[in-house]
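**Student:** Under this note's numbering, the residue at position 58 of the sequence shown is numbered 447, and the numbers go up by one with no gaps.
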Amino acid sequence: MNNPEDEAKAAGEQLADTVELLRWMIGVLGGSAWQNLGLVPHPETKKVTRNLEDARLAIDAAASLIEHLKPRVDETERRELDTLLANLRLNFVEQQAKSEQPG
Numbered sequence: 390m391n392n393p394e395d396e397a398k399a400a401g402e403q404l405a406d407t408v409e410l411l412r413w414m415i416g417v418l419g420g421s422a423w424q425n426l427g428l429v430p431h432p433e434t435k436k437v438t439r440n441l442e443d444a445r446l447a448i449d450a451a452a453s454l455i456e457h458l459k460p461r462v463d464e465t466e467r468r469e470l471d472t473l474l475a476n477l478r479l480n481f482v483e484q485q486a487k488s489e490q491p492g
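1. Please return the same chain residues whose Cβ sits closer than 8 angstroms to the Cβ of G419, not counting the five positions on each side in sequence.
2. Can you check which of these residues, E433, Q484, R412, D406, is closest to L454 by C-alpha distance?
3. Rounded to whole angstroms, what is the Cα-Cα separation between V417 and R461?
4. Any heavy atom of the ligand NAD within a distance shorter than 8 angstroms of the CB on L428?
5. Quick check: the Cα distance between A405 and T438, rounded to an integer number of angstroms?
6. Can you list, in chain order, the residues of its chain with a C-beta nearer than 7 angstroms to that of K459? Leave out the 5 residues immediately preceding and following it.
7. For the putative contact between L428 and N480, defined by C-beta atoms under 8 angstroms, what is the C-beta separation to the nearest angstrom?
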């Protein structure tokens with residue numbers, strides 16, 4: 390039979406691992422969004438390209454993960470996540486407006 394203390398420790402480690410995984414995934418999606426907004430060069434090709442459809446997908450996916458992560462992190466990290474999401478959304482709107490301008 391499993392020791393309840395060992396099970397609790399394992400559950401805590403699992404939660405920590407999941408929180409770290411979400412942080413990593415949000416970082417990856419944020420990086421993808423910046424690249425697809427045309428604001429950061431691709432790390433391998435060093436080319437700057439704009440794909441607003443992919444940027445929107447990355448931003449929306451990051452937003453969903455952020456909502457799941459926020460209850461499990463402290464206030465400082467929640468503010469950082471909110472700031473990241475606000476910056477991505479603001480830049481998306483700006484890049485979308487630029488792409489709609491003639492010329």
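For every residue, glycine included, the Cβ atom is placed at its ideal position computed from N, Cα and C.
**Tutor:** Let's see:
1. A447, A451, L473, L477
2. R412
3. 19 angstroms
4. The ligand NAD is absent from the structure shown, which contains no ligands of any kind.
5. 36 angstroms
6. R467, L470
7. 6 angstroms
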